[in-house]
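Going down the list, the sequences are from chains A and B.
When you line the first sequence up against my numbering, it's residues 1 to 322, in that order.
When you line the second sequence up against my numbering, it's residues 1001 to 1301, in that order.
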Amino acid sequence: MSTSAGRLTRRLAFVGLLGVRGRRGAQEHADARLGLLMAAPAMLTILLIAVIPLAQTIQDSLFQISLKFENAPRPFVGLDNYRALLSDDSWFNALRVTGLVTLASVAAELVLGMIIALLINRSFRGRGIVRASVLVPWALTTVVAAKMWAWIYDGRYGVANDLLMRLHLIDQPIIFLVKPEVTIWAMIGAEIWKTTPFMALLLLAGLQLIPNELYEATALDGASRWQAFWRVTLPLMKPTILVALLFRTIDAVRMFDLPRVLTNGGPGKSTETVVLYTYNTFFTSLNFGYGSTLAVATFLIVVFVSFIYIKVLGAPTQGARR
Amino acid sequence: MTAPANTVSVRALPTAALSRRTRWTKLFEGVGFYVFVVAFVIFCLAPFTWTLLTSLKSPATIFEVPIRYLPNPPDLVNYFGIFALDRFRWALVNSALVASAATAISLIIGSLCAYAIARLNFPFKNLLLALVLAIAMFPGIAIIGPLFRQFNAWGLTNNYLALILPNVTFTLPICIWVLTAFFSELPAELEESARVDGCTRLQAFYKITVPLAAPGVFTAAILLFIQAWNEFLFARTFMSQPERLTATVAIAQFEGADFAAQYPWGQITAASIVITLPLVVLVLLFQRRIISGLTAGAVKG
């Protein structure tokens, strides 16, 4: 990427302030116009389908809008919806569920993914098979994965109980999807299965960027493998780990497909995530005003989480970017 | 763990360390490693395999206690059952249509944008980069209300466009990241010589750059297609007519051909396999490309 001074000059040239009308200036002018033109369709799409609707959601969150009745009045209620949010037990429950699921699954994915990545970071026979099988849980439709796990967890005919009984780990079948404290962990288990491979893949890509010479040097200096991991691998992997964590955390916060299909938030509201609760407020209660408030809150959570990660990430990504 | 042994061996000179590691420890490590690899592969594939096995059982043998693991004899009755359902056939067609159209449009829009990012300096470039990153993390729920009402007002519900547009938007980030990485790796000299020969910049783009970046375009296409094929939130919201549902919605609401007392797990698992099959085939054929595309997108994001 060019220096900022160069960029500034070009930008000034673009707005015609510099008055450079030489060959170079004209070329840069043409480039800037062409660049804008080529980027325009993508920018317009994002503007029309994401930015403007987001503004509309924010506006809706200040109104009372019910779609239950065709011509119901839609009065402006100011911040009333937000006040209601602060005393909404269902919202805090959804927040707790989302927080627990996010923390537990992302932490497990990171540890498991790291172990897997470290172990398969070498060339061996059958690497292709491992790579392809890693991609299966990632590529699998989440809705389909949810159905698969619902069948595996089935209380009577489920293979999970059958295996655990055969291995004599339990003597009574576990009813996975009926007791709240069991169900949420069953859901977290399915989420970990679906996303750990992807985590391992990203971490593996990061590991492969670390030159082997570094490990040889630390070994000559008398460091153990354990020390090498903490002193060499982890610091060098920090940007990769943070980027992977960022995307996985955001995905977990946005979780909808899995709880919707596996448990539909149940039993009770014990697995109702923030997005699922918001969705139900929109399309079951048909309450589009308060639903918009919940949607804005979800959006702010995502912004907050990514802001923290990007803050921590700071310098390293700036350097890594081309 | 083997920490103490390692400390000794790495402290010693490399040659001494080699002789210390006898054939037996090497063999032991090798076996341990492959035990781990096999366990990991089983972990990844077991749920899919179990679904496949279930789908090949006749309805009577699915609900047996204790479980019989292998379908004996294998039975395709579940597959015939689901393909006899209009809803399911429609769902496959709808998913294929929506995902292909979204992929194609996203590729066209995205490749233009990626080229501009990779090669040209233009105003608002940083704003654009920030927007693209924001879309990658954007929660779809934050826009679903207005989109639902707007599509209703425009009569777009149950119209393919109502799914294609959001899918294009949310596949754009990956498309732009993968293609920007590919375009910036291509030497700029080729285009420059084409322009010396009288091509305009746009001509150089689609006559020289796009064909050269074909592997990248193909990689992006696979990733976008998988993402669009798997989309659920919008598909569930904007489509309500049975003949307009996509595969993900159809399977989430699956009730089977006859409303028997048992939940139709045989047909559900069969439908799961059919819906997943295109993805598994793509993964098996193009694993290298997919991994390089994924990591390019994530590491450079």
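Quick reminder that beta carbons are idealized off the backbone N, C-alpha and C, glycines included.
Bear in mind that the values here come from a model prediction, so they are computed numbers and not experimental data.
Closest Cα partner of phenylalanine 291 of chain A within the set A:Gly35, A:His29, A:Ile65, A:Met43: Note that residue 291 of chain A corresponds to glycine in the displayed sequence, not to phenylalanine. Of A:Gly35, A:His29, A:Ile65, A:Met43, the residue nearest in Cα terms is A:Ile65.
Separation of proline 53 of chain A from glutamine 1150 of chain B, as counted between CA atoms: Proline 53 of chain A has its alpha-carbon roughly 9 Å from the corresponding atom of glutamine 1150 of chain B.
Neighbour list for serine 133 of chain A in chain B, Cβ cutoff strictly below 7 Å: By Cβ distance, chain B contributes Val1041, Cys1044, Leu1045.
Collapsed DSSP secondary structure at isoleucine 310 of chain A in the structure displayed: Of the three classes helix, strand and coil, the one that applies to isoleucine 310 of chain A here is helix, per DSSP.
Glutamine 151 of chain A at chain B interface by Cβ criterion, 9 Å: Correcting the residue type first, residue 151 of chain A is tryptophan in the shown sequence and not glutamine. So, interface residue.
Contacts of tryptophan 1265 of chain B in chain A (Cβ-Cβ under 7 Å): Correct list: Trp151.
Residue closest to leucine 163 of chain A, alpha-carbon to alpha-carbon, out of B:Ser1058, B:Pro1066, B:Ala1270: Looking at the Cα atoms, B:Pro1066 is the closest of the given residues.
Reduced DSSP secondary structure (H/G/I, E/B, other) of phenylalanine 63 of chain A: If DSSP states are grouped into helix, strand and coil, phenylalanine 63 of chain A belongs with the strands.
C-beta neighbour in chain B for proline 235 of chain A, strict 9 Å: Cβ-Cβ to chain B under 9 Å: no for proline 235 of chain A.
Residue-chain proximity (proline 1139 of chain B, chain A), Cβ-Cβ < 9 Å: Closer than 9 Å: yes.
Residues in the region 116-128 of chain A having any Cβ partner in chain B nearer than 8 Å: Ile116, Leu119, Ile120, Phe124, Gly126, Gly128: these are the residues of the region 116-128 of chain A whose beta carbon lies less than 8 Å from some beta carbon of chain B, given in chain order.
Residue burial classification, proline 235 of chain A (beta-carbon count within 10 angstroms, cutoff 16): Exposed, by the Cβ-count rule.
Contact with chain B by proline 197 of chain A, beta-carbon distance below 9 Å: Chain B, which has a Cβ nearer than 9 Å to the Cβ of proline 197 of chain A, makes this yes.
For tyrosine 82 of chain A and tyrosine 279 of chain A, the rounded distance between their alpha carbons: If you take the alpha carbons of tyrosine 279 of chain A and tyrosine 82 of chain A, they lie about 17 Å apart.
Contiguous alpha helix (DSSP H) assignments of at least 4 residues, all confined to the region 1209-1264 of chain B: List check, alpha helix (DSSP H) in window: 1214-1230, 1233-1238, 1247-1252.
Contact with chain B by tyrosine 279 of chain A, beta-carbon distance below 9 Å: With its beta carbon less than 9 Å from one in chain B, tyrosine 279 of chain A belongs to the interface.
Residue of B:Thr1219, B:Ala1252, B:Ala1194, B:Val1274 minimising C-alpha distance to arginine 1289 of chain B: Its Cα nearest to that of arginine 1289 of chain B, the residue B:Thr1219 stands out among B:Thr1219, B:Ala1252, B:Ala1194, B:Val1274.
Of the listed residues B:Ile1164, B:Val1077, B:Lys1125, B:Phe1040, nearest to phenylalanine 1232 of chain B (C-alpha basis): Residue B:Ile1164 is the option with its Cα nearest to phenylalanine 1232 of chain B.
Which listed residue (B:Phe1183, B:Ala1221, B:Asn1230) has its alpha carbon closest to that of isoleucine 1208 of chain B: Of B:Phe1183, B:Ala1221, B:Asn1230, the residue nearest in Cα terms is B:Phe1183.
Against chain B: residues of the region 56-87 of chain A by CB proximity under 7 Å: Of all residues in the region 56-87 of chain A, those with a C-beta nearer than 7 Å to a C-beta of chain B are Gln56, Thr57, Asp60, reading in chain order.
Proximity test, Cβ basis, 9 Å: glutamate 191 of chain A and chain B: Chain B, which has no Cβ nearer than 9 Å to the Cβ of glutamate 191 of chain A, makes this no.
Listed by chain order, chain A residues near arginine 1201 of chain B by CB distance under 8 Å: The contacting residues are Ala30, Asp31, Leu34.
Beta-carbon proximity list for valine 1077 of chain B, same chain, < 8 Å, skipping 5 on both sides: Excluding positions up to five away in sequence, the list reads Ser1058, Pro1059, Gly1266.
DSSP-derived helix/strand/coil call for asparagine 1078 of chain B: The answer is helix: DSSP assigns asparagine 1078 of chain B an H, G or I state.
Backbone CA spacing between leucine 209 of chain A and lysine 194 of chain A [nearest angstrom]: Straight-line spacing of the CA atoms in leucine 209 of chain A and lysine 194 of chain A works out to 25 Å.
Test item: CB-CB of alanine 200 of chain A and valine 134 of chain A under 9 Å: Cβ distance < 9 Å, so alanine 200 of chain A and valine 134 of chain A count as in contact.
Residue from B:Trp1090, B:Tyr1034, B:Ala1096 with nearest C-alpha to arginine 127 of chain A: Among B:Trp1090, B:Tyr1034, B:Ala1096, the Cα nearest to that of arginine 127 of chain A belongs to B:Tyr1034.
Residue range of the unbroken alpha helix (DSSP H) whose run includes glutamate 1029 of chain B: Its alpha helix (DSSP H) spans residues 1023-1055.
Whether isoleucine 1176 of chain B touches valine 1132 of chain B by CB criterion (9 Å): Yes, the pair counts as a contact, with Cβ atoms nearer than the cut-off.
Proximity of isoleucine 1117 of chain B and leucine 1127 of chain B at Cβ, strictly below 9 Å: Against a cut-off of 9 Å, the Cβ pair of leucine 1127 of chain B and isoleucine 1117 of chain B comes out as no contact.
Cα-Cα separation between leucine 119 of chain A and leucine 204 of chain A, rounded to whole angstroms: In this structure, the straight-line span from the alpha carbon of leucine 119 of chain A to that of leucine 204 of chain A is close to 9 Å.
Cβ-based neighbour list, isoleucine 58 of chain A, same chain, cut-off 7 Å, excluding 5 preceding and 5 following: Close CB contacts of isoleucine 58 of chain A within its chain, under the 7 Å cut and outside five residues either way in sequence, are with Val296 (chain order).
Three-pair Cβ contact test at 8 Å for the region 148-167 of chain A versus the region 227-245 of chain A: Judged by Cβ distances under 8 Å, the region 148-167 of chain A makes no contact with the region 227-245 of chain A, as fewer than three pairs qualify.
Residue-chain proximity (asparagine 1072 of chain B, chain A), Cβ-Cβ < 9 Å: So no, asparagine 1072 of chain B is outside the interface.
Expected contact under 8 Å - CB spacing of threonine 1314 of chain B and serine 1292 of chain B to nearest Å: Past the boundaries of the shown model lies residue 1314 of chain B; chain B is included only from 1001 to 1301, so the question cannot be answered.
Neighbour list for isoleucine 250 of chain A in chain B, Cβ cutoff strictly below 7 Å: Within chain B, the residues near isoleucine 250 of chain A are Met1137.
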